[in-house]
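So the number in this note's numbering is just where the residue sits in the sequence shown, counting from 1, plus 99.
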Amino acid sequence: MKVLIKKNYDELSKQASEIIAEVVKQSPDAILGLATGSTPIGTYKELIRMHKEEDLDFSKIKTFNLDEYVGLGGDNPNSYRYFMDHELFDHINIKKENTNVPDGKTKDLLDFCKNYDKRIEEAGGLDLQLLGIGSNGHIAFNEPDEELSVNTSIVKLTEETIKSNARFFNSMEEVPKEALSMGIGSILKAKRIILLASGKGKQEAVKKLLMSDKVSTYLPASFLLLHPDVTIIADEDAYSLMK
């Protein structure tokens, strides 16, 4: 596990975008696994800048997102499809049909989950997976629990995650209680993984992860120890408990 410490959020975003851009340049038809939330926004802004100013070409790139709230369609401003369109896809030359975000409004959720992993496999597998980390150590919506899902599945959100995500909604009551999420096994199949951690709110999770010497279902991010090519990019605030 490689750890890169950056002075601040902007430097973190720049570093992450440079790694992604390198993958895109080397493999113009690469398959990227993408994340939502506040942490990757700076990375996406930098990728948009590279596309507009340096002609970074996404025309053959395919993407698969980690998760989506159950019950929210792409036209809902709080959905992750809406987030991805507005924060990245609408500003680069990626084909809409090449962008995949779990469908929170699908009628058969179980069937969708089963097929989502299959679609990733049929596309050739993820060349790179971008992750954030929750304050409780979750990755995607894989929450600390006795058991974790291996494959894409329907997950119940913890009270802590609902509270954390309430800032994106008008009230806590509006936050969906379930989500579709890629499982730990789905994530670990990616050839390369980048995990971003920014801010003091993530310092406890980062410390626990970096101090881990074995996997625990109560720290989902610890399963990254099983992967041969993981880069953690943290800013100084997120890394502060390790100093």
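Don't be surprised by glycine CBs; every beta carbon is placed ideally from N, CA and C.
- Fewer than three Cβ pairs drawn from the segment 137-145 and the segment 171-181 lie within less than 8 angstroms of each other, which leaves the two stretches out of contact.
- Look at Asp184 here: in three-state DSSP terms it is helix.
- Out of Gly284, Thr330 and Asn264, the CA that lies nearest to the CA of Met100 is found in Thr330.
- Contact between Ile332 and Leu111 holds: CB atoms are separated by about 5 angstroms, below the 8 angstroms threshold.
- Between the C-alpha atoms of Glu121 and Ile219 there is a straight-line separation of about 21 angstroms.
- Taking all protein chains in view, the Cβ of Glu167 is crowded by 16 or more other Cβ atoms within 10 Å, so the residue is classified as buried.
- Taking the Cα of Glu117 as reference, the smallest distance to any Cα among Gly136, His150 and Thr135 is reached at His150.
- For Leu295, the number of other beta carbons within 10 angstroms of its own is at least 16, and it is reported as buried.
- Secondary-structure assignment with DSSP links Lys105 through a beta bridge to Asp334.
- For Lys301, the closest C-alpha among the options Asp312, Asn175, Ser263 and Ile253 is that of Ser263.
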